[in-house]
Amino acid sequence: MKNIILCGFMGCGKSTIGKILSNKTKMPFIDMDKYIEKKTGMTVSGIFEKYGEGKFREIESEVCLELSEKSDLIIAAGGGTLTFQKNIDVLKRTGRIVFIDVKYEMLCKRLKHDKKRPLLQVENRNEKIKELLKARTPIYKSAASIYVDGNFSSGYVADIILGILN
Ligand code: S3P
Numbered sequence: 049m050k051n052i053i054l055c056g057f058m059g060c061g062k063s064t065i066g067k068i069l070s071n072k073t074k075m076p077f078i079d080m081d082k083y084i085e086k087k088t089g090m091t092v093s094g095i096f097e098k099y100g101e102g103k104f105r106e107i108e109s110e111v112c113l114e115l116s117e118k119s120d121l122i123i124a125a126g127g128g129t130l131t132f133q134k135n136i137d138v139l140k141r142t143g144r145i146v147f148i149d150v151k152y153e154m155l156c157k158r159l160k161h162d163k164k165r166p167l168l169q170v171e172n173r174n175e176k177i178k179e180l181l182k183a184r185t186p187i188y189k190s191a192a193s194i195y196v197d198g199n200f201s202s203g204y205v206a207d208i209i210l211g212i213l214n
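Here our numbering is used: the first residue of the sequence shown is 49, the next is one more, and so on.
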């Protein structure tokens, strides 16, 4: 089986759902942000702070290439990963992209107390979420070959994904 790549906005549940899918399928799970942190020895916030978002995106694209050499993985992409066409092209070659769609209100609630995501450390967080979500949703939709409504519990969403994949 090829890789399964989970895509969607920050807070849509990619990592939690990815771990559940990994348990159920016995396919290893890779969280791209964690992978980047391990590779660089820095936190995502640290990379943004020290080198800027551009450098983070470069590393992220390198990691897409690295992971595309592997197979049979469940991969949770970062929220921005699949908004770049080169990453979409690379990851699409290696597996199936699943878009987990979660509505704005739910994302705001889940991300309310977040301190780790550099893009959300702004004065008007909900406005930022709205703006990014509007720009990104059509891109996620066109990148993915599988669409799931993510406005349910992670276990339920994982089961829906498995049902579609089987
Ligand atoms: C980002 C999402 C984050 C992380 C970085 C940038 C984005 O990943 O890659 O903070 O651009 O949406 P999660 O979606 O796992 O939070």
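For each residue, glycine too, the CB sits at the ideal point set by N, CA and C. Quick caveat: nothing in here was measured; it's all calculated off a predicted structure.
Answer yes or no: do R173 and M58 have a C-beta to C-beta separation smaller than 8 Å? For R173 and M58, no; Cβs fall outside 8 Å.
When you compare the region 179 to 197 with the region 141 to 154, are there three or more beta-carbon pairs, one atom per stretch, that lie closer than 8 Å? Short answer: they touch.
Please classify V196: does DSSP put it in a helix, a strand, or coil? Judged by DSSP in its simplified three-state form, V196 adopts strand.
Ignore the nearest five residues each way along the sequence and tell me which others in K67's own chain have a CB closer than 6 Å to its CB. Only F77 meet the Cβ criterion.
Please look up how many angstroms separate the CB atoms of L69 and A191, rounded, as I've assumed it's under 8 Å. Not really, about 19 Å apart at Cβ, beyond 8 Å.
What does the alpha-carbon distance come out to for the pair E108 and G128? Our two residues, E108 and G128, have alpha carbons roughly 9 Å apart in a direct line.
beta-carbon G126 near the ligand S3P non-hydrogen atom, thresh 7 Å: Indeed, a heavy atom of the ligand S3P lies less than 7 Å from the Cβ.
Proximity below 8 Å, CB of M75 to CB of A124: Contact: no.
Collapsed DSSP secondary structure at V205 in the structure displayed: Three-state result, V205: helix.
Of the choices G143, I187, C60, E101, whose alpha-carbon is the least far from that of S119? Of all alpha-carbon atoms in G143, I187, C60, E101, the one lying nearest the alpha-carbon of S119 is that of G143.
Can you determine whether any heavy atom of the ligand S3P sits closer than 7 Å to the C-beta of V196, and answer yes or no? No, since every heavy atom of the ligand S3P falls outside the 7 Å radius drawn around the Cβ of V196.
Residue range of the unbroken alpha helix (DSSP H) whose run includes V138: Residues 133 to 142.
Report the CB separation of I53 from I145 in whole angstroms; it is logged as a contact under 8 Å. In this structure I53 is in contact with I145, their Cβ atoms being roughly 5 Å apart against a cut-off of 8 Å.
F104, enclosing alpha helix (DSSP H) - first and last residue: For F104, the uninterrupted alpha helix (DSSP H) segment begins and ends at 101 to 116.
Under the three-state DSSP convention, the category D149 falls into: Three-state DSSP puts D149 in a strand.
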